[in-house]
Amino acid sequence: MEFIYAKNHQKTTITYGKTFASQLRTTTVSATHVFLITNQRYYDLFADKFIQFFDEGQEIDWFICKNDAHCNNMNELEGLLAFIADFDQQQDFLFLGIGNEGVIQLTSFLHSTSVLTSTCWLLPLSVRSLSKSLLGAAEIELNNHPVLKNTVLPEQIIYDHTLITDHGDGKLVDFLIFIRCGIVRSHDYLRVLFKNYNDRSKLNQQSFAALLNEMIHYYEIDGQKIDQFGTLFEHGFSEVANGHLLSRNMKRLLGCLLQLLWAQEVNNFSFHYKNFVIWLIHLGFPVDFPEQILTSDYVEGILTCVDRGERALLLNEIGNGDQLQKPKAEDLLQTVEHYRRILKEIRG
Numbered sequence: 007m008e009f010i011y012a013k014n015h016q017k018t019t020i021t022y023g024k025t026f027a028s029q030l031r032t033t034t035v036s037a038t039h040v041f042l043i044t045n046q047r048y049y050d051l052f053a054d055k056f057i058q059f060f061d062e063g064q065e066i067d068w069f070i071c072k073n074d075a076h077c078n079n080m081n082e083l084e085g086l087l088a089f090i091a092d093f094d095q096q097q098d099f100l101f102l103g104i105g106n107e108g109v110i111q112l113t114s115f116l117h118s119t120s121v122l123t124s125t126c127w128l129l130p131l132s133v134r135s136l137s138k139s140l141l142g143a144a145e146i147e148l149n150n151h152p153v154l155k156n157t158v159l160p161e162q163i164i165y166d167h168t169l170i171t172d173h174g175d176g177k178l179v180d181f182l183i184f185i186r187c188g189i190v191r192s193h194d195y196l197r198v199l200f201k202n203y204n205d206r207s208k209l210n211q212q213s214f215a216a217l218l219n220e221m222i223h224y225y226e227i228d229g230q231k232i233d234q235f236g237t238l239f240e241h242g243f244s245e246v247a248n249g250h251l252l253s254r255n256m257k258r259l260l261g262c263l264l265q266l267l268w269a270q271e272v273n274n275f276s277f278h279y280k281n282f283v284i285w286l287i288h289l290g291f292p293v294d295f296p297e298q299i300l301t302s303d304y305v306e307g308i309l310t311c312v313d314r315g316e317r318a319l320l321l322n323e324i325g326n327g328d329q330l331q332k333p334k335a336e337d338l339l340q341t342v343e344h345y346r347r348i349l350k351e352i353r354g
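So, in structure tokens, the structure goes:
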């Protein structure tokens, strides 16, 4: 499938459902210099294969980033700029970002700011990196905090499911993208997820291909809200002494769950929250709130983030919310304690 995607007054062509190799056979790559930016993991897996895709007369270079999802950082950017400093600036370049969400943003940022004449293609290798490529903006981080940002869409985004290597926990993290789409944009979409992926075996065995069209549509409308849902509550964990007990992905999951519960308690909308958490447990999501993290400390961590200017989307109901709010301390305390009680009820 191929269609035009518009964001921030820019457009890109998105292709999925066919392989990168078949896409190249129908597309003329006029660039004389192909510059591939990828993670070490994907270089090890695909380097030999990708070289075969391009003409012998084209110059090919690789830049290899760490596997960290935060490789769109100042250190990697500095290394990247030092690497391309010796390139012949008279050439036409194809910047091809292959890999995780960090590489996707790093490649896009380089394309939008470099003095080199370039075309940018992105080949995201997870739903997470696909979602970042749809935002229409690229960020560079310092100490895991954004410090540079530019509005940009590539000329092409190609999602080749035959190259996707995530399974197990990686597939869980990808599935959370679809869940956030349902929470922010559509209760019906959330019901479809529940119906079609109601246990861990179905999640592992079934493709996400049928979900991509709606997901891309939701990102075209409200990508920033979907991407940011849960981040304030996620960042609160980074402000507490025992926050290291949770991985980055666990913090994001709990951030989404707590923001959803906070919104429901503030606006009192109808939603079977307990059943929702039970479903996530059946899928294998780690929903527990660590006993070593005190509610008061965590709430203080969220308020610290609020003082820095962070806000949270307050849903009026599932699939409907347009206001960014500063959560109140008393509401946060009530939300976290309620979440702990729900977990105790579920665990028995």
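Sequential numbering from 7 applies to the sequence shown in this note's numbering.
Don't be surprised by glycine CBs; every beta carbon is placed ideally from N, CA and C.
Would you kindly work out how many angstroms separate the C-alpha atoms of residue i and residue j, rounded to a whole number?
i: V158; j: S118; result: 6 Å
i: T33; j: F59; result: 12 Å
i: H167; j: G23; result: 7 Å
i: E65; j: L86; result: 17 Å
i: V198; j: N204; result: 10 Å
i: N78; j: F52; result: 21 Å
i: T237; j: C262; result: 7 Å
i: Q97; j: F89; result: 15 Å
i: A37; j: F243; result: 45 Å
i: N81; j: A143; result: 20 Å
i: F149; j: I348; result: The question names Phe, but residue 149 is Asn in the sequence shown. Between N149 and I348, the C-alpha separation is close to 34 Å.
i: A216; j: A91; result: 43 Å
i: S120; j: N14; result: 20 Å
i: F69; j: I183; result: 28 Å
i: E323; j: D180; result: 24 Å
i: F200; j: A75; result: 28 Å
i: M7; j: T19; result: 10 Å
i: E336; j: D303; result: 13 Å
i: I308; j: I222; result: 30 Å
i: T113; j: R353; result: 45 Å
i: D175; j: P292; result: 10 Å
i: L267; j: H278; result: 10 Å
i: E147; j: E84; result: 12 Å
i: K350; j: V109; result: 40 Å
Considering only DSSP beta bridges, list what residue i is partnered with.
i: K155; result: E145
i: W127; result: L102, Q162
i: D303; result: In DSSP, D303 forms no bridge with anything.
i: A27; result: DSSP output for A27 lists no bridge partner at all.
i: L319; result: L330
i: I66; result: V40
i: K13; result: Q16
Per DSSP, what kind of secondary structure is residue i in: helix, strand or coil?
i: H173; result: coil
i: Q73; result: The amino acid at residue 73 is misidentified as Gln; the sequence shows Asn. In this structure, N73 counts as coil in the three-state DSSP scheme.
i: D94; result: coil
i: T19; result: strand
i: F41; result: strand
i: K208; result: helix
i: E8; result: strand
i: K334; result: coil
i: N79; result: strand
i: L196; result: helix
i: E297; result: coil
i: D233; result: helix
i: L367; result: No information on residue 367 is available, as it lies outside the stretch 7 to 354 that the chain covers here.
i: S135; result: helix
i: F181; result: helix
i: A247; result: coil
Considering only heavy atoms of the ligand GTP, does any lie closer than 7 Å to the CB of residue i?
i: E226; result: Here there are no bound small molecules, and the ligand GTP is not part of this structure.
Along the alpha helix (DSSP H) that carries residue i, what are the first and last residues, could you check?
i: I57; result: 46-57
i: I324; result: Per DSSP, I324 belongs to no alpha helix (DSSP H) and is neither H nor E.
i: A269; result: 254-273
i: H117; result: 107-119
i: R314; result: Element bounds for R314: n/a, residue is neither H nor E.
i: Y203; result: That residue, Y203, is in no alpha helix (DSSP H); it is neither H nor E in DSSP.
Looking at residue j and residue i, is the spacing between their C-beta atoms short of 8 Å?
i: I104; j: Y48; result: yes
i: L129; j: F26; result: yes
i: S137; j: D233; result: yes
i: L320; j: A269; result: yes
i: K332; j: V305; result: no
i: C126; j: F93; result: no
i: Q162; j: T21; result: yes
i: E245; j: K257; result: no
i: Q46; j: K72; result: yes
i: T301; j: V342; result: yes
i: L154; j: E145; result: yes
i: L251; j: Q298; result: yes
i: E99; j: H39; result: Here residue 99 turns out to be Phe, not Glu, going by the sequence shown. Result yes, Cβ atoms of F99 and H39 sit closer than 8 Å.
i: E226; j: Y195; result: no
i: R317; j: L338; result: no
i: I224; j: R191; result: Checking the displayed sequence, the identity of residue 224 turns out to be Tyr instead of Ile. Yes, these two residues count as a Cβ contact at 8 Å.
i: F41; j: D67; result: yes
i: Q211; j: F235; result: no
Locate the beta strand (DSSP E) running through residue i, then write down its first and last residues.
i: Q331; result: 329-331
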